[in-house]
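Colleague: Would you mind keeping the following structure in view while I ask a few things?
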Amino acid sequence: MITDEPAIWTQGLRKSYPGRGAALDGIDLAVAPGTIHGLLGPNGAGKTTTVRILATLARLDSGQAWVAGRNVVHDRAGVRARIGVAGQYAAVDEVLSGRQNLEMFARLYRMRAKQARQRSGELLERFGLVEAADRAVRGYSGGMRRRLDLAVSLIRSPRVLFLDEPTTGLDPRSRIEVWDAVRELADSGTTVLLTTQYLEEADRLCSRITMVDRGRVVAEGSPAELKSSVGGRDLDEAFLLLTEGA
Amino acid sequence: MSTLTEVADTHGSRITWAAVDTWVVAKRHLLHLVRRPDELLGTLMIPVMAVAMFGFVFGEAFGVAMDVPGSEYREFLLPGLFALTMAFGIGNTTISVAEDVRGGVLDRMRSLPMSPVAVLAGRALADMILAVVELSILLALGTLFGWQAHLGLGGVIAALGLLILLRMAFSWVGILLGLLVSGPEAAMKYFALVFPLAMVADTIVPTDLMPGWLAIPAEWNPLSSTVIATRELFGNTAGPATTWVGEHALTMAVLWPVAIIAVCLPLAMARLRRLGR
Ligand SMILES: Nc1ncnc2c1ncn2[C@@H]1O[C@H](COP(=O)(O)OP(=O)(O)OP(=O)(O)O)[C@@H](O)[C@H]1O
Ligand SMILES: [Mg+2]
């Protein structure tokens, strides 16, 4: 169900790792339902940390976070039932085949065996993995692995999908396929939070972008707004100016 | 588009789901063995080699030291090797859990609406199923070499039950270690630590042949209780039970594994939760 309430909402998100400074130093985010929201920033800015906290994989030190109307700290089960996560590194079983991976995770998403088989078949088809379906994932190319990872995160048609650098290491054709899949999802009502190193990707896909640097939000707006805010023509310039050593 | 079914969060349904999830995860580990038959073969080789080496290469010499014929030593030895095989399983468990931490599969499972304990319990269940296979092979091999159980089927089943219980305890030790080590390489380096656990016990050499200072830890080694208890249940040669542990072997063979699980399971769960920090 789509409401006006943000699908992702955080305030003052803070987290530090022992022995290091703050990884997140007060992140505020508001992502409208059914949109693709970009999280941009240089290496070490805190993108993965933010995604992990929102996906209930890491704890926050302070601040508040809601995902799909559920509190990330107090209702982790509620959040987990409504999200999909495709991490920066494909988290699939290397020994099993693509089909076995999908069926196993579908079962763990509480689908019945028959439903799990059917859904796996659909996703294999959709992500062009039918031919490789019964081979061990170890023998997959990087792009096939990422597509499988994405397929796993979509098993239960999540309300909110976290994509941490979903196209890193993909060839242009695979990248476009992932983009199409992401757009299609957003059109069907899924909210997507996407981190990326590719500014072109953010420019093409995202309706809004949050730029982070050193655990802080440095800018927020539509791609066009960010470009004009620095008087530049493209997002690369905005990125460099906004996150430059400041 | 599939719809999201709300899972009723009653106590009963939670237990049912935990059982289903545990089985799904266990199946994953068993599929690994099927898809990597060389690894399965390697795992099964340990007990086979142990029977061959200790039974025949060292067997005669140990028999002489114990003042019994080699065949009688093998009577004594096989229950020891059964338990030893259970202990060697710790290595594989630790490595596989460490691999899952590294590869992100555990993270993915933690982001699913599945039962958290099943993430780890699935491994323990798979280990127990593997233990049944290993023990069947060992029983067959033992029989081939002239070993036998003298007290009937009931005793055999009880003894196998104790061995599988021991494996379950060691499985939780391996799971906990796998969550604690820095990676699978480290787990492999620590593997040598299994040797004292497996051998400073009443497994291969009777504790009364050990120097006094070694006999005490050997006697209190959880393996020893299981070995002595299974020797009794199989009706195999054993020295007179002169120690406290020896006299209470059956009780201790249940208490030790239960105590180990009671400590390691909650610690492993706490560690799993803290994995994301
Ligand atoms: N498990 C961890 N232990 C200690 N420090 C960590 C850990 N994970 C992240 N950090 C630190 O937190 C900060 C933010 O890291 P994070 O991975 O969120 O950045 P990122 O924006 O995803 O970077 P990248 O673009 O390289 O993926 C970095 O300084 C990093 O070193
Ligand atoms: Mg990252």
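Respectively, the protein sequence lines represent chains H and V. Residue 15 in my numbering sits at position 15 of the first sequence, with consecutive numbering throughout. To convert, take the position in the second sequence, counting from 1, and add 246; that gives my numbering. Positions of the beta carbon are idealized from the N, C-alpha and C atoms, including for glycine. In this text, all values refer to a predicted model and were calculated from it rather than measured experimentally.
From the DSSP output, which residues share a beta bridge with V92 of chain H?
Modeller: DSSP output for V92 of chain H lists no bridge partner at all.
Colleague: According to DSSP, is E122 of chain H part of a helix, a strand, or is it coil?
Modeller: Looking at E122 of chain H - three-state DSSP - the assignment turns out to be helix.
Colleague: So is the beta-carbon of G139 of chain H under 8 angstroms away from any non-hydrogen atom of ligand 3?
Modeller: In the structure shown, ligand 3 is absent; the only ligands present are ligand 1 and ligand 2.
Colleague: Count the other CB atoms, across all protein chains shown, that sit within 10 Å of the CB of D275 of chain V; report buried if there are 16 or more and exposed otherwise.
Modeller: A small correction: the amino acid at residue 275 of chain V is His; Asp does not occupy that position in the sequence shown. It is buried - the Cβ of H275 of chain V has at least 16 other Cβ atoms within 10 Å.
Colleague: When the Cα of G44 of chain H is compared with those of H:K227, H:R76, H:R214 and H:M111, which residue comes out closest?
Modeller: Out of H:K227, H:R76, H:R214 and H:M111, H:R214 has the C-alpha closest to the C-alpha of G44 of chain H.
Colleague: Measuring only the C-alpha atoms, how far is R80 of chain H from F239 of chain H?
Modeller: Looking at the two C-alpha atoms, the distance is approximately 32 angstroms.
Colleague: Looking at C-alpha atoms only, which residue of H:D25, H:E5 and H:R183 is the closest neighbour of A32 of chain H?
Modeller: With distances taken between Cα atoms, A32 of chain H lies closest to H:E5.
Colleague: Decide if the segment 358-368 of chain V is in contact with the segment 315-323 of chain V; the criterion is three or more beta carbon pairs, one per stretch, under 8 angstroms apart.
Modeller: Not touching, per the Cβ criterion.
Colleague: Once you ignore the five residues that flank T36 of chain H on each side, which residues in its own chain have a CB closer than 7 angstroms to its CB?
Modeller: Reading off the sequence, residue 36 of chain H comes out as Ile, not Thr. Closer than 7 angstroms at Cβ, skipping near neighbours: V182, A186, V192, L194, L205, C206 and S207.
Colleague: A132 of chain H to G98 of chain H, Cα distance in whole Å?
Modeller: Their backbone Cα atoms lie some 7 angstroms apart in a straight line.
Colleague: State the CB to CB distance for the pair F162 of chain H and I83 of chain H, rounded to an integer number of angstroms; the pair is presumed to be in contact (CB under 8 angstroms).
Modeller: So it is a contact: roughly 7 angstroms between Cβ atoms.
Colleague: Quick test of the definition: if touching needs 3 or more C-beta pairs under 8 angstroms, does the segment 454-462 of chain V touch the segment 327-339 of chain V?
Modeller: Contact fails: fewer than three Cβ-Cβ distances are below 8 angstroms.
Colleague: Which of the residues in the segment 266-280 of chain V, read from start to end, lie with their CB under 7 angstroms from any CB of chain H?
Modeller: Under the 7 angstroms Cβ criterion, the segment 266-280 of chain V contributes D267, V270, R274, L277 and H278.
Colleague: Against S357 of chain V, what residues of chain H qualify as contacts under a CB-to-CB distance less than 8 angstroms, listed in chain order?
Modeller: Neighbours of S357 of chain V on chain H, chain order: A55, T56, L57, R80, I83 and V85.
Colleague: For the alpha helix (DSSP H) holding A311 of chain V, just list the boundary residues, first then last.
Modeller: Start and end: G305 to M312.
Colleague: With a threshold of 8 angstroms (Cβ to nearest heavy atom), would D164 of chain H be considered close to ligand 2?
Modeller: Yes - ligand 2 has a heavy atom lying nearer than 8 angstroms to the Cβ of D164 of chain H.
Colleague: Quick one: residues in its chain with C-beta nearer than 7 angstroms to the C-beta of D134 of chain H, no 5 flanking neighbours on either side, listed in chain order?
Modeller: Cβ neighbours of D134 of chain H beyond the five flanking positions: S97 and R99.
Colleague: Would you say K227 of chain H touches ligand 1, meaning its beta carbon is less than 8 angstroms from a heavy atom?
Modeller: Result no, Cβ not under 8 angstroms from ligand 1.
Colleague: Beta carbons nearer than 7 angstroms to chain H: which residues of the segment 361-379 of chain V have them?
Modeller: Within the segment 361-379 of chain V, no residue qualifies.
Colleague: My parser needs the beta strand (DSSP E) runs of 3 or more residues fully inside the segment 38-86 of chain H; what are they?
Modeller: Taking only runs of at least 3 residues, the beta strand (DSSP E) segments lying wholly in the segment 38-86 of chain H are 62-67 and 83-86.
Colleague: Any beta carbon from chain H within less than 9 angstroms of G424 of chain V's own beta carbon?
Modeller: Answer no: the Cβ-Cβ gap between G424 of chain V and chain H never drops below 9 angstroms.
Colleague: Closest Cβ-Cβ distance between L102 of chain H and chain V: below 9 angstroms?
Modeller: Cβ-Cβ to chain V under 9 angstroms: no for L102 of chain H.
Colleague: Could you check whether the Cβ of E131 of chain H sits closer than 9 angstroms to any Cβ belonging to chain V?
Modeller: Output row for E131 of chain H: interface = no.
Colleague: Quick check on L194 of chain H - is its C-beta less than 9 angstroms from some C-beta in chain V?
Modeller: No - not a single Cβ of chain V is within 9 angstroms of the one on L194 of chain H.
Colleague: Would you say G247 of chain H and R146 of chain H are within 9 angstroms of each other, going by their C-beta atoms?
Modeller: Here chain H comprises residues numbered 1 to 246, so residue 247 of chain H is not present and cannot be evaluated.
Colleague: Which of helix, strand or coil does DSSP assign to Q394 of chain V?
Modeller: Coil.
Colleague: Report the three-state DSSP secondary structure of L129 of chain H (helix, strand or coil).
Modeller: In this structure, L129 of chain H counts as coil in the three-state DSSP scheme.
Colleague: Mind checking which residues open and close the beta strand (DSSP E) that includes S16 of chain H?
Modeller: Element bounds for S16 of chain H: I8 to S16.
Colleague: Tell me where the beta strand (DSSP E) around R208 of chain H begins and ends.
Modeller: That run of the beta strand (DSSP E) goes R208 to D213.
Colleague: Measuring from each Cβ to the nearest heavy atom of ligand 1, keep the ones under 6 angstroms and list them in chain order.
Modeller: Cβ atoms closer than 6 angstroms to ligand 1 belong to H:Y17, H:R20, H:A23, H:G41, H:N43, H:G44, H:A45, H:G46, H:K47, H:T48, H:T49 and H:Q88.
Colleague: If the cut is a Cβ gap below 7 angstroms, which residues of chain H does R260 of chain V touch?
Modeller: Result: empty, since nearest Cβ-Cβ is about 10 angstroms, beyond 7 angstroms.
Colleague: Could one say the Cβ of D180 of chain H lies closer than 9 angstroms to chain V's Cβ atoms, at least one of them?
Modeller: No, no contact with chain V.
Colleague: Please tell me whether, using a cut-off of 8 angstroms, the distance from the CB of T167 of chain H to the nearest non-hydrogen atom of ligand 2 is below it.
Modeller: It does not: the Cβ of T167 of chain H is nowhere closer than 8 angstroms to a heavy atom of ligand 2.
Colleague: For G398 of chain V, which option in V:N482, V:I341, V:C510 and V:D346 has the closest C-alpha, if you only look at C-alpha atoms?
Modeller: Closest by alpha carbon: V:N482.
Colleague: What are the complete beta strand (DSSP E) segments, minimum 3 residues, inside the segment 134-188 of chain H?
Modeller: You should have 160-164.
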